[in-house]
Amino acid sequence: MSADETPRLSMRILAKGEGSVDQRFWIERLTRHGVRVVSVSDAGLTAEGPAEAFEGALEVRIVREGGGMRMEGECTIRSVEDADPPEVYIPRRPSFFP
Amino acid sequence: MADDDTITLRLVPRGRGAVPDDAFERAPAETLSRVVDPSGDAARAGMAALMARGIAARTTPLNRVTATLSERQFREMFSGATVERQPMASEKGIVAAAERVLVDDMTLPPALRQEFLFAYVPRPVEYFAPRAIPPHEDIYHLRLADVAMALNAPRCHLSGWTGQGVRVAMADSGFFLHPYYLRSGFRLIPTDSPGSGPADEDSSGHGTGEAANVFAVAPQCRVYGVKHGSSAASTLETCIGLRPDVMTNSWGYDLDRGTRAELRRIDRSFFNEMVDIESVLETALERDIVVLFSAGNGHRAFPGSHPDVISVGGVTLNEDGSLEASDYASSFESQLYPGRETPDVCGIVGRAGRRPQSAHIALPVPPDSNLDGENFASDATGTGWGLFSGTSAACPQVAGVCALVKQIDPNLSGAQVRQVLEARAIDVTKGESALGDEAGEGEDRATGAGLVDALRACGFVIGVS
Numbered sequence: 001m002s003a004d005e006t007p008r009l010s011m012r013i014l015a016k017g018e019g020s021v022d023q024r025f026w027i028e029r030l031t032r033h034g035v036r037v038v039s040v041s042d043a044g045l046t047a048e049g050p051a052e053a054f055e056g057a058l059e060v061r062i063v064r065e066g067g068g069m070r071m072e073g074e075c076t077i078r079s080v081e082d083a084d085p086p087e088v089y090i091p092r093r094p095s096f097f098p
Numbered sequence: 099m100a101d102d103d104t105i106t107l108r109l110v111p112r113g114r115g116a117v118p119d120d121a122f123e124r125a126p127a128e129t130l131s132r133v134v135d136p137s138g139d140a141a142r143a144g145m146a147a148l149m150a151r152g153i154a155a156r157t158t159p160l161n162r163v164t165a166t167l168s169e170r171q172f173r174e175m176f177s178g179a180t181v182e183r184q185p186m187a188s189e190k191g192i193v194a195a196a197e198r199v200l201v202d203d204m205t206l207p208p209a210l211r212q213e214f215l216f217a218y219v220p221r222p223v224e225y226f227a228p229r230a231i232p233p234h235e236d237i238y239h240l241r242l243a244d245v246a247m248a249l250n251a252p253r254c255h256l257s258g259w260t261g262q263g264v265r266v267a268m269a270d271s272g273f274f275l276h277p278y279y280l281r282s283g284f285r286l287i288p289t290d291s292p293g294s295g296p297a298d299e300d301s302s303g304h305g306t307g308e309a310a311n312v313f314a315v316a317p318q319c320r321v322y323g324v325k326h327g328s329s330a331a332s333t334l335e336t337c338i339g340l341r342p343d344v345m346t347n348s349w350g351y352d353l354d355r356g357t358r359a360e361l362r363r364i365d366r367s368f369f370n371e372m373v374d375i376e377s378v379l380e381t382a383l384e385r386d387i388v389v390l391f392s393a394g395n396g397h398r399a400f401p402g403s404h405p406d407v408i409s410v411g412g413v414t415l416n417e418d419g420s421l422e423a424s425d426y427a428s429s430f431e432s433q434l435y436p437g438r439e440t441p442d443v444c445g446i447v448g449r450a451g452r453r454p455q456s457a458h459i460a461l462p463v464p465p466d467s468n469l470d471g472e473n474f475a476s477d478a479t480g481t482g483w484g485l486f487s488g489t490s491a492a493c494p495q496v497a498g499v500c501a502l503v504k505q506i507d508p509n510l511s512g513a514q515v516r517q518v519l520e521a522r523a524i525d526v527t528k529g530e531s532a533l534g535d536e537a538g539e540g541e542d543r544a545t546g547a548g549l550v551d552a553l554r555a556c557g558f559v560i561g562v563s
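Chains as they are written, first to last, in my numbering: chain A, 1 to 98; chain B, 99 to 563.
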């Protein structure tokens, strides 16, 4: 996604364990690429920022699709050599049932 | 009008200079500030003239006079004036006082013209806010008090089971502090979640409206209205962090349409989201939080199909008092969780698109939100009320019953609370759900165990039903 059309989005990065080495690595990496981490919990991180910044931090492609955005490819970056890459997703908007 | 009804007047004392009749048409404020005597002498003289007639009067800080008269005194002072008290009808977006006094002619009597320029009866101010009570509507529908009755909650309240001390977290679109909540003294606490923006802003109206269903059943519980933010998982984490006893969720994803393996293959992103939400819910359940989700309005909703949450469907209360499965509410066998059938129990839900009963419950919403005036036969836009009643309404109703039960026994787990609700639900034997399941004798897929009954559930917990 080019810089002149980069929208903002939220993502969940499931680096587990609050305060773990894995989480600290991802908070530092996301922040360095211009992504803001808005919540940290045992289950993972929630982050907000421009699509382009996420693309840089996660080394994935984010494309527009049907009014929303979709991630192409999987994040393969490891915090340390023997760690698994985190599962990453773009949250869907929930439907309400009025 | 009885003679002892009083009328309040405000009188503007005459200053030293002459004032032409049309002076106030040209520049009212400036003109008036010039002609009122700043020393207060004129005001005091006017007050004395009124008191000499037996009229209670006092001066104001800026040297005007207010007087309180009986209607008899008023008629004597303004001979020939007719007085009428008019109920103040609240209009679109306006909350008005109870009544106003209309006077057809308030020409000052000659005896007071020396002291006063003019007098008037102040008009009650109007508040540009939504109404604290719903507007009149001719089509059959329920008010929140009717919902409480249908779930047998008022008799619980008489026994002191009101949800006192119980904390409920509700994740939704936002929670506007509607006059309905403020006037009723309900404890609704709008709470931000990561990326949500201000929790008391609700452009949809959904969360504001649906929260009223909790209070209808458990008026003294505390509801933390958590506004959805960047992700549902982090919103749920915020809810858990509030240490609630009950979590109610009138939302979901219409995605329980294939196996987990199929979902993973088709939509890896949502598969990851589902697993994330499952793990967060597991934390809630480990902490003995009672977690409820709507089953959906014809949707196949996750997390409503999660095996460990209380899945809430819908029963319609007909005008003749009979109950039947709502053809607007979901019932289905989960594909994600084989063997899991939803719903477990039901709250009150309207019917699908068939007036007059499609829109069942009058709920408070922010004026100008998407649901403002929703489904009213007449134009009710701007009133701050809407008629809507899907499983989004049913879920917080059942959450209210859970709050009553948790007040009685705070140590009950989510699974135990579900057993209590199911054991004492009202069996619903007629009707068909949105997804074609028929209600029948005993437990069925259309309504689960049936409509929750607050009194019977509470009675079960204390061992008398």
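Backbone N, C-alpha and C define an ideal beta-carbon position, used for all residues, glycine too.
Quantities reported herein were computed from a predicted structural model and do not represent experimental measurements.
Between A552 of chain B and A251 of chain B, the beta carbon gap of about 4 Å places them in contact (Cβ cut-off 8 Å).
R358 of chain B sits in a helix when the DSSP states are folded into three classes. In this structure R341 of chain B is not in contact with R285 of chain B, their Cβ atoms being roughly 15 Å apart against a cut-off of 8 Å.
At least one beta carbon of chain B lies nearer than 9 Å to the beta carbon of E87 of chain A.
For C500 of chain B, the uninterrupted alpha helix (DSSP H) run begins and ends at 489 to 506, by DSSP. Shown here, M204 of chain B sits in coil according to DSSP, grouped into three states, outside any helix or strand. A Cβ-Cβ separation of about 20 Å leaves Y426 of chain B out of contact with G471 of chain B under the 8 Å criterion. In terms of CA proximity to A501 of chain B, B:A314 leads the group B:S271, B:M145, B:A314, B:D236. Taking CB atoms only, G67 of chain A has no neighbour in chain B less than 9 Å away. For W26 of chain A, the enclosing alpha helix (DSSP H) starts and ends at 21 to 32. Counted as a single uninterrupted DSSP element, the beta strand (DSSP E) harbouring R156 of chain B occupies residues 154 to 157. For V388 of chain B, the beta-bridge partners assigned by DSSP are B:V344. Taking 9 Å as the cut-off, the beta carbon of S420 of chain B is found no closer than this to the beta carbon of G412 of chain B. Between P494 of chain B and the set B:E299, B:S348, B:L107, the nearest pair of CA atoms involves B:S348. Approximately 10 Å separates the beta-carbon atoms of W483 of chain B and P464 of chain B; this is outside 8 Å, ruling out the contact. Taking a 10 Å sphere around the C-beta of I62 of chain A, we find 16 or more other C-beta atoms and assign the residue as buried. Approximately 7 Å separates the beta-carbon atoms of V496 of chain B and L519 of chain B; this is inside 8 Å, confirming the contact. S10, R12, L14: these are the residues of the stretch 4 to 31 of chain A whose beta carbon lies less than 7 Å from some beta carbon of chain B, given in chain order. Selection A:D22, A:V35, A:H33 evaluated against S41 of chain A yields A:D22 as nearest (Cα-Cα).
By the CB criterion at 9 Å, I459 of chain B and G451 of chain B fall outside the cutoff. In this structure, the straight-line span from the alpha carbon of R320 of chain B to that of I338 of chain B is close to 15 Å. Per the coordinates, the alpha-carbon of G480 of chain B lies some 21 Å from the alpha-carbon of A491 of chain B. Taking 9 Å as the threshold, the shortest C-beta distance from G295 of chain B to chain A does not fall below it.
Here the alpha carbons of H404 of chain B and P436 of chain B stand approximately 10 Å from one another. For L107 of chain B, the closest alpha carbon among the candidates B:F273, B:A140, B:D343, B:V163 is that of B:V163.
Here DSSP, grouped into helix, strand and coil, assigns I231 of chain B to coil. Shown here, A269 of chain B sits in a strand according to DSSP, grouped into three states. In this structure, B:R229 is the residue among B:G152, B:R229, B:R385 with its C-alpha nearest to the C-alpha of A478 of chain B. Residue pairing of E431 of chain B in beta bridges, as defined by DSSP: B:E439.
Using a C-beta cut-off of 8 Å, the stretch 363 to 375 of chain B makes no contact with the stretch 391 to 398 of chain B, since fewer than three inter-stretch Cβ pairs fall below that distance.
Inclusion of R543 of chain B and S429 of chain B in the CB contact set at 9 Å is warranted, their separation being smaller than that value. Rounded to the nearest whole angstrom, the C-alpha separation of V134 of chain B and I153 of chain B is 22 Å.
When C-beta distances to chain A are compared with 7 Å, the residues of the stretch 480 to 496 of chain B below that value are F486, G488, T489, S490, in chain order. The contact set of D535 of chain B on chain A, defined by CB atoms closer than 8 Å, is empty, because the minimum CB distance reaches about 17 Å.
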